[in-house]
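Numbering (the working numbering), first residue to last: 1 to 298. Even glycine gets a Cβ: it sits at the ideal position worked out from N, Cα and C.
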């Protein structure tokens, strides 16, 4: 009985710690970035990619993305404490009690990922480093506190994930992979500006100059709509690649109509539909990536 009681107590302690680590490293976002990198690899390599290249990409990509997320939360921990959306993060709640530990582990993961990749694929190492630098240095430290263009330029970090995948496959500049990288670049403002519209007061209290604080709700909705249109156009143009074709175009075409519908609803009622477009944008990118896998494999 004493052993069972001790085991239950250990489980009650371990589960919150696991949840804190999932939040600290933003593992759901890491999973999406790794999926995007695999999309880049599949487009660049077709059926010629090797399992070793895939393993190297997944391990180093996950390490670098998780490390960058930890550094982002370390840098923004005081700002996060002022925002309702982020005040439950582990460095704010002290679920991770030593912030310097997050700094050390985050830096170690990024450096470790680059060090692992470098002997095997220098282009992969470069894009891992570039993605972390853009997300942590350019976006988090420099742009986010200073300009409403923060997320527009910061979206390049997600593009680096795709290019790390095409680099791992041996052709980082493959046209369709570059197209997917650009898709993520233009998709990012749709995703984050919709979220910022929902949490406008949060960003105001933290002093972060997101677009909804600078422009009216109606103007913000039109900017989101413009980026949605570009995102949709790029996603559909990818089907020109013969390796994708109709197996890609058909589901992405339907998903694009669905996304456009929610963008129009946002323009009509900016406050009421921002959260819906935010969720739709997540699903849309996931569907595009799945369609890429289907189009190239069948």
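Judged by DSSP secondary structure, residue 171 falls outside any alpha helix (DSSP H); it is assigned neither H nor E. In the three-state reduction of the DSSP assignment, residue 182 falls in the helix class, which pools H, G and I. In this structure, the straight-line span from the alpha carbon of residue 259 to that of residue 265 is close to 10 angstroms. Contact annotation: residue 37 and residue 61 have beta-carbon atoms nearer than 8 angstroms.
By the Cβ criterion, the segment 203 to 217 is in contact with the segment 145 to 155, since at least three pairs of Cβ atoms, one from each stretch, lie closer than 8 angstroms. In the DSSP assignment, residue 282 falls within the alpha helix (DSSP H) that extends over 270 to 297.
In summary, residue 22 is exposed, with fewer than 16 beta-carbon neighbours lying within 10 Å of its beta-carbon over all protein chains present. In its chain, beyond the 5 residues on either side, 132, 135 and 136 have a beta carbon closer than 6 angstroms to the beta carbon of residue 68.
Collapsing the DSSP output to three states places residue 73 in a helix. Taking C-beta atoms as the reference points, residue 95 and residue 74 fail to come closer than 8 angstroms. Cα atoms of residue 43 and residue 270: separation of roughly 36 angstroms, rounded to the nearest angstrom. Counting C-beta pairs closer than 8 angstroms gives three or more between the segment 181 to 198 and the segment 216 to 230, which meets the contact rule.
Burial check for residue 201: the Cβ neighbour count within 10 Å stays below 16, so the residue is exposed. Here residue 19 carries a helix assignment [DSSP, helix/strand/coil]. With a cutoff of 8 angstroms on beta-carbon distance, residue 277 and residue 262 are scored as near each other.
Under the three-state reduction of DSSP output, residue 94 falls in the coil class, being neither helix nor strand. When C-beta atoms of the segment 151 to 166 are compared with those of the segment 116 to 131, three or more pairs fall below 8 angstroms, so the two segments count as touching.
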